[in-house]
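**Q** The structure that follows is given in the form of structure tokens.
In structure tokens:
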């Protein structure tokens with residue numbers, strides 16, 4: 001997923017520098033997040049959020065002296081983790097009884113998605129062809145529209161649309177196959 005985050009950065013030198021930084025310090029940031037959240041999936045999300053924020057405003061990160069960037073990222077992941085933890089406490093998720101769920105609102109596809117763990121889906125997305133994965137991440141996870149996604153990846157709008165459609169079809173097929181196996 002870091003490839004898609006890095007694709008947002010237009011400056012190649014900064015993109016390469018951030019890639020090296022990610023490979024050197026992602027585990028450190030993960031353990032800081034894990035110490036606050038006590039949940040591996042949420043800790044991974046916190047680390048991804050750090051790099052998404054850096055990619056969206058690279059000048060904030062690259063204006064920090066190089067020797068202080070690790071501390072800067074440590075503070076970011078700590079604050080993001082604390083915010084995530086507090087959000088869980090302030091707004092606990094209420095469990096609904098089955099009779100409270102309006103079956104007309106929840107599609108069959110969504111119920112299959114609920115059976116698939118986030119890790120399984122993330123692993124599947126990580127294994128998509130790079131071209132499809134990058135478009136999917138930029139468009140769906142980072143919220144760029146398809147035009148912005150095409151521009152960031154230096155591809156045509158038609159190519160971005162086609163790759164996004166192929167990624168969605170692959171995910172749909174994965175969900176259908178996974179649901180058949182669970183039955």
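Numbering (our numbering), first residue to last: 1 to 183. Each residue gets a CB set at the ideal place from its N, CA and C atoms; glycine is no exception.
1) Where are the alpha helix (DSSP H) runs, 4 residues long or more, that stay fully inside the region 51-94, in chain order?
2) Considering only the beta carbon of each residue, do residue 19 and residue 33 sit closer than 7 Å?
3) Note down the Cα distance separating residue 169 from residue 45, rounded to an integer number of angstroms.
4) Evaluate residue 60 with the Cβ neighbour count: other Cβ atoms within 10 Å of its Cβ, from every protein chain shown; 16 or more gives buried, anything less gives exposed.
5) Apart from the five residues just before and just after residue 11, which ones in its own chain have a Cβ nearer than 8 Å to its Cβ?
6) My assumption, with CB atoms under 8 Å, is that residue 52 sits in contact with residue 122. Please give the rounded CB distance.
7) Alpha carbon to alpha carbon, how far is residue 70 from residue 38? Give it in angstroms, no decimals.
8) For residue 125, name the three-state secondary structure that DSSP assigns.
9) Identify, in the order they occur along the chain, each residue of the same chain with its Cβ nearer than 7 Å to the Cβ of residue 30, setting aside the five sequence neighbours on each side.
**A** Concretely, from the data shown:
1) Taking only runs of at least 4 residues, the alpha helix (DSSP H) segments lying wholly in the region 51-94 are 58-62 and 69-90.
2) Going by C-beta atoms, residue 19 is not nearer than 7 Å to residue 33.
3) One Cα belongs to residue 169, the other to residue 45, and the distance between them is close to 25 Å.
4) Result: exposed.
5) Here the set comprises 58.
6) Wrong, their Cβ atoms sit about 15 Å apart, outside the cutoff.
7) In a straight line, the C-alpha of residue 38 is about 22 Å away from that of residue 70.
8) Assigned with DSSP and collapsed to three states, residue 125 falls in helix.
9) Sequence-distant Cβ neighbours of residue 30 in its own chain, meaning closer than 7 Å and more than five residues away, are 43, 44 and 47.
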